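**Q**
2 protein chains.
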Amino acid sequence: MSRDLDSVFAALADPTRRAILAMLLEDDMAVTDVAEPFEMSLAAISKHLGILASAGLISQEKRGRVKWCKLEPDALRAASVWMQGFGQFEPVNLEAFEAFLAQELPGLNS
Amino acid sequence: MSRDLDSVFAALADPTRRAILAMLLEDDMAVTDVAEPFEMSLAAISKHLGILASAGLISQEKRGRVKWCKLEPDALRAASVWMQGFGQFEPVNLEAFEAFLAQELPGLNS
DNA sequence: GGCATATTCAACCGATTGGTTGATGATTTG
DNA sequence: CAAATCATCAACCAATCGGTTGAATATGCC
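Protein sequences appear in the order of chains A and B.
For reference, each letter of the first sequence is one residue, going 159 to 268 in the working numbering.
For reference, each letter of the second sequence is one residue, going 159 to 268 in the working numbering.
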């Protein structure tokens, strides 16, 4: 159980992986399309997706030769519960979240 | 700004560091006392505390020869906002949090 | 069949991580 | 002053990370 937290937080610690998650918020995507905005090899993105998948943050389903990536937000619940215990933060604040996305993804938010 | 998220999530990815944060929830502690429950050298704990401090998750104040460590829960706010955007999780759930602490700290919850 | 496309695998690389040990610097105490 | 205590520093180590490249494996299309 705390092993899950290890892999979830470790997965979230990389900005490329957080950007990928933000992209998948909008829609499911194929691996090649996920890789397109990044200045990085396809193999590197494939590894990042593997890390996100093994943390449970996304699922991957192969249809034909295309592997579709889908956000699995439930995997964040345990981590979210853990964090909220430290601060009694205000409840869900989507406006603040949008502001963060805008800062984190300059150029990616089409 | 997203650099902050890098260091906060990376700091949270280690179970020793999460256990330290949970200990500091109860009270401020000296470095030696933080180290006591762990089967690990004092130098290792000192490094962990340095990582937590540079992520802003704790502050350290030296009084005499003792360095006191204090939880800084505000540093989690940005990360919490980021995460909550993915799931619209239910608001603060302290019961679930207590259950997590009990699982994460077998033997540490005196 | 043959070629292009989608994705992963395998080997490699330099940098970072999480730990150790021994020495060192402050500070308190006797 | 001398000895003990609190904490960090410095050097080292094996393991992991984030990236690369080139080859391999499916799958789809003409």
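Cβ coordinates follow ideal geometry from the N, Cα and C atoms, glycine included.
Treat the numbers as computed from the prediction; the structure is a model and nothing was measured.
Determine which residues of the region 215-246 of chain A have a Cβ less than 8 Å from any Cβ of chain B, and write them out in chain order.
**A** Listed in sequence order: LEU229, PRO231, ASP232, LEU234, ARG235, ALA236, ALA237, SER238, VAL239, TRP240, MET241, GLN242, GLY243, PHE244, GLY245, GLN246.
**Q** Which class does ARG223 of chain A belong to by DSSP, given the choice of helix, strand or coil?
**A** Note: ARG223 of chain A maps to coil in three-state DSSP.
**Q** Measuring straight from C-alpha to C-alpha, what distance separates ALA168 of chain B and ALA168 of chain A?
**A** Their backbone Cα atoms lie some 6 Å apart in a straight line.
**Q** Does any CB atom of chain B fall closer than 8 Å to the CB of LEU164 of chain A?
**A** The sequence given here places Asp at residue 164 of chain A; Leu does not occur at that position. With 8 Å as the cut-off, ASP164 of chain A counts as an interface residue toward chain B.
**Q** ALA188 of chain A and TRP240 of chain A: beta carbons closer than 8 Å?
**A** Not a contact, by the Cβ cut-off of 8 Å.
**Q** Take the Cβ of GLY222 of chain A as the centre, count every other Cβ of all protein chains shown within 10 Å, and call the residue buried at 16 or more, exposed below.
**A** Answer is exposed; the Cβ neighbour count stays below 16.
**Q** Over the uninterrupted alpha helix (DSSP H) stretch that includes GLU197 of chain B, give me the two end residues.
**A** Counting along the chain, GLU197 of chain B falls outside any alpha helix (DSSP H), and DSSP gives it neither H nor E.
**Q** Are the region 204-215 of chain B and the region 196-203 of chain A touching by the rule of at least three beta carbon pairs closer than 8 Å?
**A** With a cut-off of 8 Å, the region 196-203 of chain A and the region 204-215 of chain B do not count as touching, because too few Cβ pairs lie within range.
**Q** Quick check: LEU179 of chain A and ALA237 of chain A, are their CB atoms within less than 8 Å of each other?
**A** No, they are not a contact pair.
**Q** Assuming ALA237 of chain B is part of the alpha helix (DSSP H), what are its boundary residues?
**A** Note, ALA237 of chain B: alpha helix (DSSP H), 234-242.
**Q** Identify whether ALA171 of chain B lies in helix, strand or coil by the three-state DSSP scheme.
**A** Coil, per DSSP.
**Q** If I measure Cβ to Cβ from VAL224 of chain A and keep anything under 7 Å in the same chain, skipping five residues before and after, which residues do I get?
**A** So the list reads ALA188, once near-sequence residues are dropped.
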